Amino acid sequence: MEKSITLRQSAYANKVLEQFGMSDCNAVNVPLEHKVKLHKDGEGEPIDVTEYRCIIGSLRYLLHTRPDLSFAVGLLSRYMQRPTSLHLKAMKQTLRYLKGTIHFGLIYTKGGNDEELVCYSNSDLAGDLDDRKSTGGMVFYINNCLVSWGSYK
Numbered sequence: 001m002e003k004s005i006t007l008r009q010s011a012y013a014n015k016v017l018e019q020f021g022m023s024d025c026n027a028v029n030v031p032l033e034h035k036v037k038l039h040k041d042g043e044g045e046p047i048d049v050t051e052y053r054c055i056i057g058s059l060r061y062l063l064h065t066r067p068d069l070s071f072a073v074g075l076l077s078r079y080m081q082r083p084t085s086l087h088l089k090a091m092k093q094t095l096r097y098l099k100g101t102i103h104f105g106l107i108y109t110k111g112g113n114d115e116e117l118v119c120y121s122n123s124d125l126a127g128d129l130d131d132r133k134s135t136g137g138m139v140f141y142i143n144n145c146l147v148s149w150g151s152y153k
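Per UniProt numbering, the sequence shown starts with residue 1, numbered consecutively.
Below you can see the structure in the form of structure tokens.
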């Protein structure tokens, strides 16, 4: 077996789910629905800002070992000033995804002599419905091991 290091935060993820009453939820396969359209002044009743911000903060801590959550958490972070029930519904989708992928993490394996750097990027054009700004992101792998990622608006 190849030597490797695995970084995951399963215990912390379980604690987050328990803290926000989602430990018994049904798991889903994607962190956000593809067609979800969130707005700053969207429909829905206003919700508790403090709870919404606490969930965002907890999920942001998980991003160190869960880059698959980056886009969803980044998008949901845009609505921390005045979240509504629509934003909370999208947040619960992300928490249900976390439930189904609780053991995901980063795996770093020992590479050979030939190091390979692979980069991917993606972006949209004016995809934000509130300010018409674009969103983009990139990931960098060395020997099939994720070493850096980022996104921008």
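Cβ atoms here follow ideal geometry from the backbone N, Cα and C, with glycine treated the same way.
Here the structure is a predicted model, which means the values were calculated and not measured.
For residue i and residue j, I'd like the C-alpha separation in whole angstroms.
{"i": "H34", "j": "G44", "result": "20 Å"}
{"i": "G127", "j": "D24", "result": "34 Å"}
{"i": "L106", "j": "H64", "result": "9 Å"}
{"i": "H87", "j": "V118", "result": "35 Å"}
{"i": "S77", "j": "S58", "result": "12 Å"}
{"i": "I55", "j": "T135", "result": "22 Å"}
{"i": "I47", "j": "R132", "result": "25 Å"}
{"i": "V30", "j": "Q81", "result": "25 Å"}
Shortest alpha-carbon distance to residue i belongs to which of the options?
{"i": "L129", "options": "N143, T50 and K37", "result": "K37"}
{"i": "K99", "options": "L86, K3 and F20", "result": "F20"}
{"i": "Y120", "options": "F104, G137, R132 and T109", "result": "G137"}
{"i": "S151", "options": "E18, Q9 and F71", "result": "F71"}
Using three-state DSSP, classify residue i as helix, strand or coil.
{"i": "residue 160", "result": "Beyond the ends of the chain as shown, which are 1 and 153, falls residue 160; an answer cannot be given."}
{"i": "V118", "result": "strand"}
{"i": "M22", "result": "coil"}
For residue i, collect the residues of the same chain with a Cβ closer than 6 Å to its Cβ; drop the 5 residues on either side in sequence, then sort them by chain order.
{"i": "Y141", "result": "V118"}
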